[in-house]
Amino acid sequence: MRLALPEGAGYIIDTLMQAGYEAYAVGGCIRDSLLGQTPMDWDITTSAKPTEVKHLFPRTVDTGIAHGTVTVLLGREGYEVTTYRIDGTYEDARHPKEVAFTPNLLEDLKRRDFTMNAMAYNPKEGLVDAFDGMGDLNRNTIRCVGEPRQRFGEDALRMMRAVRFSAQLGFSIDSATRDAICELAPSLERISAERVQTELVKLLTSSHPKELRTLYETGITRVILPEFDAMMQTEQNNPHHMYSVGEHTIAALGHIANDKTLRLALLLHDVAKPLCQTVDEAGVHHFYGHPRQGSELARRILRRLKFDNDTIARVCRLVEWHDDNPPITETNIRRAVVRLGLEAYPSIFAIKRADILAQSPYQRLEKLAYVDAYEECYDKIRSKRQCLTLKDLAVNGSDLIAEGLRPGPKIGQALQSLFELVLEEPQNNSREYLLQKIREDIQKNSMI
Ligand code: ATP
Ligand code: MG
707 MRLALPEGAG YIIDTLMQAG YEAYAVGGCI RDSLLGQTPM DWDITTSAKP
757 TEVKHLFPRT VDTGIAHGTV TVLLGREGYE VTTYRIDGTY EDARHPKEVA
807 FTPNLLEDLK RRDFTMNAMA YNPKEGLVDA FDGMGDLNRN TIRCVGEPRQ
857 RFGEDALRMM RAVRFSAQLG FSIDSATRDA ICELAPSLER ISAERVQTEL
907 VKLLTSSHPK ELRTLYETGI TRVILPEFDA MMQTEQNNPH HMYSVGEHTI
957 AALGHIANDK TLRLALLLHD VAKPLCQTVD EAGVHHFYGH PRQGSELARR
1007 ILRRLKFDND TIARVCRLVE WHDDNPPITE TNIRRAVVRL GLEAYPSIFA
1057 IKRADILAQS PYQRLEKLAY VDAYEECYDK IRSKRQCLTL KDLAVNGSDL
1107 IAEGLRPGPK IGQALQSLFE LVLEEPQNNS REYLLQKIRE DIQKNSMI
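The sequence shown begins at 707 in our numbering and counts up by one.
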């Protein structure tokens, strides 16, 4: 078996071997190559100790020296080179208390999470596959190296990694591995929010986001996103729906591009429905106010998962306005754009379409036609370069001061009222007209 190594990885392995050490490309890059995909990065494992690696290459960075990792820089590329190691006992299902270096490749492969991630390769020895990773790749199966309970006990994040890989690769999880996840999911509580966030985003932005259901069924969301369990348990008895809130959400995720903001917004668009559910005399369910409450709840959840402020702001804005459906006139749509913020466009259309496609067929064509008309109107407004932010107003604060308005909060208010005139009628956005308006106002006020 021959795999195509990038030049840099080949050179590093060669250099280490010429110096008398063992060296292999290992882990995700081998898995991806065998699947015919282009690996994002190539990790190298070696019998050489970090100091010995540093000795052989002129440019290195001490990336994780305590864990044996040195990054070797070649031109603009960096390759992580890690010494064969055995992970010591894990004190808290999080990280090994200590790592020990080992001269034995097999020991290093044994510490890895799944059989498909525990293969190594170099051009001289070919593929080293001690745990039938190749067989599992061929069977489309994710299986722990060794005893699943023990492996998840060492690092609980591996449970989320299993589900995330199944979402990325379309693989199933071996039954013993899955059973262990169901048993040990509660121990994810001890894993840092940052690590959980990384895995959740990888799952959501994968080609099979429906594996979110596996996170629920195995008890993982109960720990990391209990709000999703509430969604799965909230029925929607009304003509627009045919699924529970959770199943509707899973279906909607399958109807949108795999972009982080879009997928997070869809994940959370109905997150407050369990809190907003009411039942009328006819037994029909309503969810009044769920977009607004949803954006507040989404903010709390995303903060808890340590997302950055920019992502939180974008996602929450889409959640808050996902159900905003102004009657289509140019003025209404201009006002909607100001309400939502220009940055929410054109994302909001993708969100709306995915939401509709995951609802019952009732009025589906009408709903989709509405979104088309909304988008057309928005496009028209944009192509005419109409003023949609205070920044685009033909006058600014200094102009108003020059007209005699006193600096202070009045300026902001005056600009806002001019902006209103322009939103109502874009042709009003001329310097002469707006300054004239201000002069009239000043005159009126000084007469009173
Ligand atoms: P991706 O880069 O797509 O996240 P990957 O498999 O390359 O997938 P990395 O986090 O880059 O994942 O890790 C590289 C390798 O290190 C893995 O293939 C696996 O062998 C090992 N590994 C990573 N995380 C763990 C873990 N939590 N437990 C055991 N082994 C792990
Ligand atoms: Mg990787």
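Don't be surprised by glycine CBs; every beta carbon is placed ideally from N, CA and C. Predicted model only: the values in this text are computed from it and were never measured.
Determine, using beta carbons only, whether residue i and residue j come nearer to each other than 8 angstroms.
| i | j | result |
| --- | --- | --- |
| G960 | M938 | no |
| V805 | G852 | no |
| R864 | R870 | no |
| R791 | D814 | yes |
| V977 | E905 | no |
| A873 | E917 | yes |
| R896 | A862 | yes |
| W1027 | R1045 | yes |
| L1048 | T1095 | yes |
| H954 | Q1065 | yes |
| T920 | N964 | no |
| I887 | I848 | no |
| T808 | E786 | no |
| V732 | T751 | yes |
| P712 | W748 | yes |
| M840 | L709 | no |
| I1057 | A971 | yes |
| V902 | N944 | no |
| G876 | S913 | yes |
| P997 | D1029 | yes |
| G1103 | I1148 | no |
| M948 | G832 | no |
Which whole-angstrom value describes the C-beta separation of residue i and residue j, a residue pair presumed to lie in contact below a C-beta threshold of 8 angstroms?
| i | j | result |
| --- | --- | --- |
| G974 | G1000 | This sequence places Leu at residue 974; Gly is not what is there. 7 angstroms between Cβ atoms; contact. |
| L894 | V929 | 5 angstroms |
| Y1080 | I1039 | 7 angstroms |
| T967 | V1021 | 6 angstroms |
| D1105 | L1141 | 7 angstroms |
| A1042 | P1052 | With 8 angstroms as the limit, A1042 and P1052 do not qualify as a contact, their Cβ atoms being about 13 angstroms apart. |
| I962 | A1060 | 4 angstroms |
| L762 | L722 | 7 angstroms |
| L1129 | T1037 | 7 angstroms |
| A1108 | S1136 | Contact flag wrong, Cβ pair sits at about 17 angstroms. |
| T766 | T777 | 6 angstroms |
| M822 | D842 | 5 angstroms |
| R969 | P892 | Not really, about 26 angstroms apart at Cβ, beyond 8 angstroms. |
So residue i is in the alpha helix (DSSP H); what residue range does that whole segment cover?
| i | result |
| --- | --- |
| F807 | Per DSSP, F807 belongs to no alpha helix (DSSP H); it is in the beta strand (DSSP E), 805 to 807. |
| T883 | 881 to 890 |
| L815 | 811 to 816 |
| T920 | 918 to 923 |
| I1107 | 1103 to 1108 |
| G714 | 713 to 724 |
| D1085 | 1070 to 1089 |
| G770 | Element bounds for G770: not the alpha helix (DSSP H) but the beta strand (DSSP E), 766 to 770. |
| I1007 | 996 to 1010 |
| T751 | Counting along the chain, T751 falls outside any alpha helix (DSSP H), though it belongs to the beta strand (DSSP E) covering 749 to 752. |
| D935 | 932 to 938 |
| K760 | 756 to 762 |
| F1013 | F1013 -> no alpha helix (DSSP H), and no H or E assigned at all. |
| Q1122 | 1115 to 1130 |
| C1093 | Note, C1093: premise wrong, no alpha helix (DSSP H); not H, not E. |
| L973 | 966 to 974 |
What are the boundary residues of the beta strand (DSSP E) that residue i is part of?
| i | result |
| --- | --- |
| E783 | 783 to 789 |
| L780 | 775 to 780 |
| A826 | 826 to 828 |
| Y656 | With the chain covering 707 to 1154 only, the question about residue 656 has no answer from this structure. |
| G832 | 832 to 834 |
Using 7 angstroms as the cut-off, classify the Cβ of residue i as near or not near the heavy atoms of the ligand PLP, replying yes or no.
| i | result |
| --- | --- |
| V805 | As presented, the structure is devoid of the ligand PLP, carrying the ligand ATP and the ligand MG as its sole ligands. |
Check your understanding: Pairing CB atoms from the region 734 to 741 with CB atoms from the region 753 to 761, are three or more of them under 8 angstroms?
Key -> no
**Study point:** Stretch-stretch touch, CB-based, cutoff 8 angstroms, three pairs: the region 1011 to 1026 with the region 985 to 993
**Key:** no
Practice item. Determine, using beta-carbon pairs with one atom in the region 824 to 842 and one in the region 708 to 716, whether at least three such pairs fall under 8 angstroms. Key: yes
Review point. Is it a yes or a no for the region 1112 to 1126 touching the region 1070 to 1085, going by three-plus beta-carbon pairs under 8 angstroms?
Key: The answer is no - the region 1070 to 1085 does not touch the region 1112 to 1126, with fewer than three Cβ pairs under 8 angstroms.
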